[in-house]
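J.: Take the sequence shown: its position 264, counting from 1, is numbered 264 in UniProt numbering, and each next residue is one higher.
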Amino acid sequence: MKRIIKIKYRVQFALIISISVFSCLVLNAQEHKILTAYNNETEISSPGSITLKDGFYIPAGKTVRIYVGGMSFKNCVSTLAGTSSSDQNYISTKVFKIPNVFTETEANGVFSICDANQTIQYFDGLGRPLQTVTVQGSPSFKDVVQPIVYDVYGRENRKYLPYTVAGNNGIYRTDALAAQASFYNSPVTGISPIPGAAFAETKFEASPLNRIEQQGAPGAVWQPAGSRSAGIGRTVVTDYGTNAADEVKLWTINSNGASSSVYPRAKLYKTITKDENWVSGKTGIIEEFKDFDERVVLKRQWETDVKSLSTYYIYDDLGDLRYVLPPAVNEGTDKPSGTISSFTENDVLFDQFIYGYHYDGRKRMIEKKIPGRGWESMVYNTLDQVVLSQDAKQYVSGQWAYSKYDAMGRVIATGLYTDATGRGALQGVLDTQTVFWEDRPQGADYSNLAFPTNNTEQLTVNYYDNYAIPGLPNNQSLNYTNQLTGLQTASRIKVLGSTDELWTVNYYDEEAREVKVYKQHYKAGVINPDNYDEIENTYNFAGEMIASNRNHHAGTVLTTIATRHEYDHMGRKKASFESINGKTEIALSKLDYNEVGQLMKKSLHSTDGITFLQNSTYAYNSRGWLKSNNSDQFSFKLEYDTLSNTNPQYNGNITAQRWGAGIALDNGFAYSYDPMNRLLSGIGSGLVANGKNEVLTYDVMGNILSLNRNGALGTYNYSGNRLNQISGGLATAPYIYDENGNATTDGRNGVSIVYNKLNLPSTVNRIGLSMTYIYDAAGTKLRKVSNGITRDYIDGIEYNGAAIDIIHTEEGIARRIGDDYSFEYNLTDHLGNVRYTFNKHPETGILTRIQSDDYYPFGKRFADGGVNKYLYNGKELQEELRQLDYGARFYDPEIGRWNVVDPKAELGRKWSPYVYAFNDPLRFVDPDGMWPWPAAYNPFTRLEHAYNKAVNNVRSTYNKAVASTKRAYNQVAATVSKTGQSIKKWTAENKTELLKAAKNMQEVGDKTAAVGAGMTVVGAAVAGVGASPGLAVSGTGKVTSLIGAGLEVAVEAVAGSNKNAVATLANEVTYGAIGALGGKAVDQLLPAPLPGLSTEIKQATKQFMGFVESKVKSQTDKSVDKIKEQDQKK
1 MKRIIKIKYR VQFALIISIS VFSCLVLNAQ EHKILTAYNN ETEISSPGSI
51 TLKDGFYIPA GKTVRIYVGG MSFKNCVSTL AGTSSSDQNY ISTKVFKIPN
101 VFTETEANGV FSICDANQTI QYFDGLGRPL QTVTVQGSPS FKDVVQPIVY
151 DVYGRENRKY LPYTVAGNNG IYRTDALAAQ ASFYNSPVTG ISPIPGAAFA
201 ETKFEASPLN RIEQQGAPGA VWQPAGSRSA GIGRTVVTDY GTNAADEVKL
251 WTINSNGASS SVYPRAKLYK TITKDENWVS GKTGIIEEFK DFDERVVLKR
301 QWETDVKSLS TYYIYDDLGD LRYVLPPAVN EGTDKPSGTI SSFTENDVLF
351 DQFIYGYHYD GRKRMIEKKI PGRGWESMVY NTLDQVVLSQ DAKQYVSGQW
401 AYSKYDAMGR VIATGLYTDA TGRGALQGVL DTQTVFWEDR PQGADYSNLA
451 FPTNNTEQLT VNYYDNYAIP GLPNNQSLNY TNQLTGLQTA SRIKVLGSTD
501 ELWTVNYYDE EAREVKVYKQ HYKAGVINPD NYDEIENTYN FAGEMIASNR
551 NHHAGTVLTT IATRHEYDHM GRKKASFESI NGKTEIALSK LDYNEVGQLM
601 KKSLHSTDGI TFLQNSTYAY NSRGWLKSNN SDQFSFKLEY DTLSNTNPQY
651 NGNITAQRWG AGIALDNGFA YSYDPMNRLL SGIGSGLVAN GKNEVLTYDV
701 MGNILSLNRN GALGTYNYSG NRLNQISGGL ATAPYIYDEN GNATTDGRNG
751 VSIVYNKLNL PSTVNRIGLS MTYIYDAAGT KLRKVSNGIT RDYIDGIEYN
801 GAAIDIIHTE EGIARRIGDD YSFEYNLTDH LGNVRYTFNK HPETGILTRI
851 QSDDYYPFGK RFADGGVNKY LYNGKELQEE LRQLDYGARF YDPEIGRWNV
901 VDPKAELGRK WSPYVYAFND PLRFVDPDGM WPWPAAYNPF TRLEHAYNKA
951 VNNVRSTYNK AVASTKRAYN QVAATVSKTG QSIKKWTAEN KTELLKAAKN
1001 MQEVGDKTAA VGAGMTVVGA AVAGVGASPG LAVSGTGKVT SLIGAGLEVA
1051 VEAVAGSNKN AVATLANEVT YGAIGALGGK AVDQLLPAPL PGLSTEIKQA
1101 TKQFMGFVES KVKSQTDKSV DKIKEQDQKK
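(1) If we require 3 or more residues per run, which beta strand (DSSP E) segments fall completely within the segment 425–490?
(2) Which runs of the alpha helix (DSSP H) fall wholly inside the segment 332–394 and span at least 4 residues, in chain order?
(3) DSSP on Thr105, reduced to helix/strand/coil?
(4) Thinking just about the alpha-carbon of each residue, which of Asp920, Asp316, Met365 is nearest to the one in Gly652?
(5) For Arg410 and chain C, any beta-carbon pair shorter than 7 Å?
(6) Span of the beta strand (DSSP E) holding Leu325?
(7) Do Val159 and Ala206 have their CB atoms nearer than 7 Å?
(8) Just to confirm the assignment: which complete beta strand (DSSP E) runs, minimum length 3, are found wholly within the segment 231–319?
(9) Using beta-carbon positions only, say whether Gly812 and Glu824 come within less than 7 Å of one another.
(10) Which residue comes first and which comes last in the alpha helix (DSSP H) that contains Ala176?
(11) Check whether the segment 896–903 and the segment 310–317 are in contact - that is, three or more C-beta pairs closer than 8 Å.
(12) Under DSSP, the beta strand (DSSP E) around Glu639 begins and ends at which residues?
(13) Is Phe541 helix, strand or coil when you go by DSSP?
(14) Could you tell me which residues DSSP puts in a beta bridge with Ala670?
(15) Which of helix, strand or coil does DSSP assign to Leu831?
(16) With distances taken between CB atoms, is the gap from residue 1132 to Leu679 smaller than 7 Å?
(17) Which residues in the same chain as Phe141 place their Cβ atom closer than 7 Å to its Cβ, once the five residues preceding and following it in sequence are excluded?
(18) Is the beta carbon of Glu876 less than 7 Å from the beta carbon of Asp864?
(19) Starting from Val701 and walking both ways along the beta strand (DSSP E), at which residues does that stretch end?
(20) Thinking Ser912 and Asn677 are a contact (beta carbons under 8 Å), I'd like their distance in whole angstroms, please.
(21) According to DSSP, which residues form a beta bridge with Asp87?
(22) Find the nearest neighbour of Asp441 within the set Arg423, Phe451, Tyr463, His552, judged by alpha-carbon distance.
(23) Measure the C-alpha to C-alpha separation of Gln30 and Met600 and round it to an integer number of angstroms.
(24) Using the Cα positions of Gly668 and Gly609, report the straight-line distance between them to the nearest angstrom.
(25) Just verifying my parser: in three-state terms, what is the DSSP assignment at Asn873?
(26) Taking C-alpha atoms, which residue in Glu156, Trp251, Leu484 lies nearest to Arg513?
(27) Pull up the CB-CB distance for Leu827 and Tyr836, whole angstroms please, since I reckon it's below 8 Å.
(28) Would you please state the rounded distance, in angstroms, between the beta carbons of Gly818 and Ile807? I believe it to be under 8 Å.
(29) Would you decide whether Thr51 is buried or exposed? Buried here means 16 or more other CB atoms lie within 10 Å of its CB.
(30) For Gly55 versus Arg373, is the C-beta distance shorter than 7 Å?
(31) Roughly how many angstroms separate the alpha carbons of Met71 and Asn381, rounded to a whole number?
(32) Pick helix, strand or coil for Ala554, following the three-state DSSP scheme.
(33) With a CB to CB cut of under 8 Å and the five nearest residues on each side skipped, what residues in its chain are close to Asp530?
(34) So is Tyr793 buried or exposed if we call it buried at 16+ other beta carbons inside 10 Å?
(35) Quick check: what's the CA-CA separation for Tyr507 versus Val379?
(36) With 16 other CB atoms within 10 Å as the buried threshold, where does His605 fall?
Structure, rendered in structure tokens:
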């Protein structure tokens, strides 16, 4: 690869980058199909090209039409025409989406709009960004202009939304502010007007600290004003100060708990946050107290002017978090009197409500206690890797979960170890071990030398670096890359409750992209060598998947599923197509966007690309929150701050919902909330919803105390957070729990439940019902047997008995009818709730209704029945239990709570671990039963105005760093490959530039984080889901800063300076928050660290790379949503 940089200092900076090696970051203009085997198709087509690989053949007697063509919605007619303003300082960046552009002459050639993207950033004389122009970046090929302004102190006191302009071709806009205002005063179709306020204004305090006092958001309602009233001055207000005397408890650790005194005056920093709903007094405000080491000591939220909910964080002398005391033991006023002043670990309150943590002399967490569950233990080896862990149920049975590692620190095996020995004694055994990892000689399996070596049940095995694996099925490695260092090549996973194991084999191309997967499945509950899936993926030059062909083998029966995707010139998904068993390809969906990148229209089901069965259009308010979705069969409208509502909400809570068909919105709910943003009532009205009401009350932990549904009042009784029984309208028998807090007796259904090692139900029994669930060791549901009726689940294919019943698609399902399939589509609301299901009538060709579904606020259906079982939140209804399977847990919409402890309870310690969606089910969903997120993930959200300087100024450098670090880590191990050496050399040569970018991101991230929760990112709706209410720049800023820190660490490590990387980590006070980003597994993103790479660098870079993958490749901000919500809800 060649990198061409042309710099003219003072007036002009021109940066032209040609990318060929780092192809995972750019787009290809054409769509290609690669065929390795014939699957009885009668017709094979592709809008781009078709490649027949060696071994492809068509048997004699077959007639097949192979041609280039088919439906396509891609528009590549325009020519990229970017011109920089020569009288301005600028950096012009081109990212090429086609290979073989190496020289400056080639880079300056003429390209289609689909062959390259160009961004021009203009700077003032101080090097500050003034304007960013994405050349022809809008869906209609207009320039996207992002104005940037500063006050007299050099601060961005207004952050403007981007706008578009035709015929600009990259030129600097001297009239940017006026043009932007005009654009939003009278916007084009698909964009809501924002007259006079298409920006977010920030008010700073009058001090050199430049702290934020008020943060506004786009829209007149959310701009700073002299007063706050209905529809005026609804900003996020932040006040700063210190604690008063007798305001905060000072907790001191003792041998078996803690006792308290009181902090003297001015010993803690105090931050007071008042969200957009606040008007006066204390009601609704959040107070946070930090000590001088920046550790959070107390978070207090005021439910009324006299009642607060406090969460205390207690640390030991070494700074480790030892206890967290949630509101259940801290309910009171602003004075600590009347709440507990001490506790021991033997107290009932401790067992029911308090989080506890124990550490050893090396500051390793060795025990932890989650409320409602027993103690959990961890045992480490000398390398500080967790080898054994034990939950409360395993303690009773004398079992431990073990993990084994290889020399690179990757987990190569997990399983169960039987030993009744206590934690301390086992730690002593581990301390004397001299073998810390397992080796795998070429062609052999792993050794069994690292502890434990006996009394084990192996659950998973992972293989890396090559395909020389004993017993490997379906070895096709000769057809794919052998540059595999650091990549997972295969795995074996056990079927729980049996001795069966299922193989998965992964094949890659030279860009480390997964191009083929062989995966055994468990149809009929048996291992059969003829039961497997082969999935072949095709990528464009960007690394975006444009096609995926699945061959599903079930004995002698073959089912083929061919899917492909199209993207527009900026990488926004444009359409998805699918064909089953070689039949006519169906356009499942076509997506159209407005000028700022929000989903404007979705069209469903077409065979010709012209006529669609159904069209849905979307509208948003000034903050990017979904306002309406209109289609012929199902439409809905959401209201937030509309003054006609009795209780307008300005912080993203939904105050009303209307729905119906077309423009006739005949049904609705009106919602009300308490100052904690918990839903108090949903009152139905209209033809169907009239009389459908839910009214709720809560305790301080968010447990429902009463639920009045349609006049039937149910009263909930608890022990701690565990539900004992419901009396009244929802009367139930008692609930009984195991040591892990799982309900083993469901009082509402009268069933007894046995849970497996993953706290998932394995058997469910009552009189007249015998049900068994079968999972693999990763928790994937494989099979369900209910009173002898079987259903197999195979990665989106479901069997009813011996035959396929349905195949899941992006927009619903394909239901088998005889030898053919009928595509069924779901129209959903903003939560992903399926509201209307339809298909195309096989004879008349017109849209045919299959079923309609409506729900109470907490998810109970108005009426049972219907063939579609994927309903509320799109989750499968377990009809026998009337509960919904979210993956990690089952949710009971009848009572509005979970019956199993949240696996991520520690992310929200002020909440009961059984609470559903923070008791705000109109705004949050729980995608997998692990943790609630905002209802919209905004995959196409543009973050220019949130990332501001960071994204635009370092995009090119950032992308190169991502590609460099990923490729380096994938291919550099003990022996550095030629490619790895060149990348390491490139990184070292450009270290200064990269580190400058990293520092820039940290600086901008810190400033952005300070903005607070009010500055929302204008997002886009996807798949019928609107932009996230309340998505804040505070979260974005924190993430941006952490990206900068992660990039700095990665650059130092790749460049060979581990020492500097360690220093960076040591100085990064927010390092602990990196873990909240989630991200990819270390085995996938950082599988082969450089020699001598420390554990800290590996962990930091793992998190950084995980975030990069989700940000750069998927272009989503769901990680931003997640970190923001986690931070707010802790």
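The beta carbon of each residue, even a glycine, is placed where N, CA and C say it ideally should be.
T.: In short, the structure shows the following:
(1) Taking only runs of at least 3 residues, the beta strand (DSSP E) segments lying wholly in the segment 425–490 are 456–464.
(2) Scanning the segment 332–394 for uninterrupted alpha helix (DSSP H) segments of 4 residues or longer gives 348–353, listed from N- to C-terminal end.
(3) Helix at Thr105.
(4) Selected option, being the one with the closest Cα: Asp920.
(5) Judged by its chain identifiers, the structure shown contains no chain C, having just a single protein chain.
(6) DSSP places Leu325 in the uninterrupted beta strand (DSSP E) bounded by 321–325.
(7) The residue you asked about is not Val; residue 159 is Lys in the sequence shown. Remark: C-beta atoms of Lys159 and Ala206 do not approach each other more closely than 7 Å.
(8) Entirely contained in the segment 231–319, the beta strand (DSSP E) runs reaching 3 residues are, in chain order, 236–242, 249–254, 257–262, 269–274, 286–290, 296–302, 308–315.
(9) Yes, Cβ-Cβ distance for Gly812 and Glu824 is below 7 Å.
(10) The continuous alpha helix (DSSP H) containing Ala176 extends over residues 176–185.
(11) Result no; under three Cβ-Cβ pairs closer than 8 Å.
(12) In the DSSP annotation of this structure, the continuous segment of the beta strand (DSSP E) that includes Glu639 starts and ends at 635–639.
(13) Three-state DSSP puts Phe541 in coil, outside helix and strand.
(14) Beta-bridge pairing links Ala670 to Ala656, Ile683.
(15) Secondary structure at Leu831: coil, using DSSP grouped into helix, strand and coil.
(16) Coverage of the chain is limited to positions 1 through 1130, which leaves residue 1132 absent and any answer about it impossible.
(17) When the five nearest sequence neighbours on each side are left out, the beta carbons in the same chain lying within less than 7 Å of the beta carbon of Phe141 are those of Ser78, Ile113, in order along the chain.
(18) Pairing Glu876 with Asp864 gives a Cβ-Cβ distance that is not under 7 Å.
(19) Note that residue 701 is Met in the sequence shown, not Val. Met701 -> no beta strand (DSSP E), and no H or E assigned at all.
(20) Between Asn677 and Ser912 the Cβ distance is about 15 Å, and since that is not below 8 Å, they are no contact.
(21) BP columns for Asp87 are empty, so no partner.
(22) Sequence inspection shows Pro at residue 441; the Asp mentioned does not correspond to that position. Checking every option, the nearest Cα to that of Pro441 belongs to Tyr463.
(23) With a pLDDT of 43 at Gln30, under the threshold of 50, the modelled position of this residue cannot be trusted, and the question is left open.
(24) Near 35 Å, if we compare the C-alpha coordinates of Gly609 and Gly668.
(25) Per DSSP, reduced to three states, the secondary structure at Asn873 is helical.
(26) Taking each of Glu156, Trp251, Leu484 in turn and checking the Cα distance to Arg513, the smallest one comes out for Leu484.
(27) About 4 Å separates the two Cβ atoms, so the contact holds.
(28) Rounded, the Cβ-Cβ distance is 15 Å, inconsistent with contact.
(29) Per the 10 Å Cβ criterion, exposed.
(30) For Gly55 and Arg373, no; Cβs fall outside 7 Å.
(31) Cα to Cα, the separation comes out at about 57 Å.
(32) Correct three-state label for Ala554: strand.
(33) Here the set comprises His553, Ala554, Gly555, Thr556.
(34) Buried, by the Cβ-count rule.
(35) Near 35 Å, if we compare the C-alpha coordinates of Val379 and Tyr507.
(36) Buried, by the Cβ-count rule.
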